[in-house]
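Here's the structure, in structure tokens; my notes come after.
Numbering (UniProt numbering), first residue to last: 1 to 264.
Shown next as structure tokens:
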């Protein structure tokens, strides 16, 4: 490959800097204004933590945070279990058609609004009362493909002969999975779970379409949307900062685990 000229490199760095500035300066401003003492969300008037303290006394936000935590934890647990088993089943087949691949990864490719409408129609057809349980089921459908893809990345380099050796030595399928397969793929399973948790915490469209009426099934993204309809306040900035911090932490841990998986 021909070496780029200094002018070309400077141009590329300039474009890259502009892209990063466009992406991250608004986020930095949001975080900074969440510590703004004044009530105006766009004018700095001093450092203060009062908006974070205010969140702790807001019953609507606390209720939405609890709902989000319940949905994220339960849907992550179910999606991780099913996604891991699906990944193992697909990779053990060795030979599988493109149709199966398309079915597995369809929830990742289909636009959220389309998947949300489809799930809403499905729940309505079953006459299910909307609530946290329908949000959890919807998030399981959405997250399962992501968990499966992460675990399959680890299984691509898995030596299946050790599973056969375990069976030859008299170990049951459950014992082989618990003592041979699971320890090898555990980092991928944890990474997939962290990714699923992050996606569930941040997800709005699917939750909005599959939630019931009232505060009992309102998640944090839905609460933020309801609050922002009446204008942006420093309290919203503080809430968005907390959600972003949780998501970044989970994504960072997931990426670190994925980096270790790929390197193995």
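Glycine included, every Cβ here is placed at the ideal spot set by N, Cα and C.
Please list, in chain order, all residues of the same chain as residue 180 whose beta carbon is under 7 Å from its beta carbon, the five residues on each side excluded. Here the set comprises 162, 163 and 166.
Is it a yes or a no for the stretch 122-139 touching the stretch 62-81, going by three-plus beta-carbon pairs under 8 Å? yes
Look up residue 262 in the DSSP assignment and say whether it is helix, strand or coil. A caution first: residue 262 carries a pLDDT of 48, below 50, which makes its placement in the model too unreliable to give a value.
Can you check DSSP and say which residues form a bridge with residue 47? 36
Flag this pair as touching only if the stretch 53-71 and the stretch 219-233 have three or more C-beta atom pairs under 8 Å; answer yes or no. yes
List the endpoints of the continuous alpha helix (DSSP H) containing residue 136. 132-155
Tell me which residues share the same chain as residue 65 and place their Cβ nearer than 7 Å to its Cβ, disregarding the 5 neighbours each side in the sequence. Answer for residue 65: 220, listed in chain order.
Provide the residue span of the alpha helix (DSSP H) that contains residue 123, from first to last. 112-125
Cβ neighbour criterion (16 or more within 10 Å) applied to residue 13: exposed
Would you please state the rounded distance, in angstroms, between the beta carbons of residue 80 and residue 189? I believe it to be under 8 Å. Rounded, the Cβ-Cβ distance is 6 Å, consistent with contact.
Given a cut-off of 8 Å on the beta-carbon distance, is the pair residue 145 and residue 92 in contact? No. Outside cutoff.
Assign residue 228 to one of two classes, buried (16 or more other C-beta atoms within 10 Å of its C-beta) or exposed (fewer than that). exposed
Restricting to Cα atoms, I'd like to know which of 254, 214 and 70 is closest to residue 151. 254
Output needed for residue 1: all residues of its chain with C-beta closer than 6 Å, excluding positions within five of it in sequence on either side, in chain order. Note that residue 1 scores 45 on pLDDT, short of 50, meaning its location in the model is unreliable and no value can be drawn from it.
Using the Cβ count rule (16 or more neighbours within 10 Å means buried), how would you classify residue 241? Around the C-beta of residue 241, 16 or more other C-beta atoms lie within 10 Å, and the residue is accordingly described as buried.
Rounding to the nearest angstrom, what Cα-Cα distance links residue 9 and residue 16 in this structure? 10 Å
Return the chain-ordered list of same chain residues with a C-beta closer than 6 Å to the C-beta of residue 193, the five sequence neighbours on each side being excluded. If we look at residue 193 and ignore the five residues flanking it on each side, its Cβ neighbours are 76 and 80.
Could you tell me which of 56, 183 and 128 sits nearest to residue 154, measuring between CA atoms? Residue 183 is the option with its Cα nearest to residue 154.
Residue span of the alpha helix (DSSP H) that contains residue 207, given as start and end: 205-210
Outcome for residue 175 when other beta-carbon atoms lying within 10 angstroms are tallied against a minimum of 16: exposed
What does the alpha-carbon distance come out to for the pair residue 105 and residue 86? 12 Å
Could you compute how far the alpha carbon of residue 112 sits from the alpha carbon of residue 210? 12 Å
Measure the C-alpha to C-alpha separation of residue 18 and residue 172 and round it to an integer number of angstroms. 58 Å
Considering only residues of the same chain and omitting the five flanking positions on each side of residue 262, which have a CB-CB separation below 8 Å? Low per-residue confidence applies at residue 262: pLDDT is 48, beneath 50, and the placement is therefore not dependable, though the value from the model is reported in the following sentence. Hits under 8 Å: 153.
Let me check understanding here. Comparing Cα to Cα, which of 50, 186, 185 and 218 lies closest to residue 133? 218
Is the beta carbon of residue 235 less than 8 Å from the beta carbon of residue 54? yes
Throw me the rounded Cβ distance for the residue 90 and residue 103 pair, which I believe falls under 8 Å. Not a contact, Cβ separation roughly 10 Å.
Under a three-way DSSP split, which group does residue 159 fall into? coil
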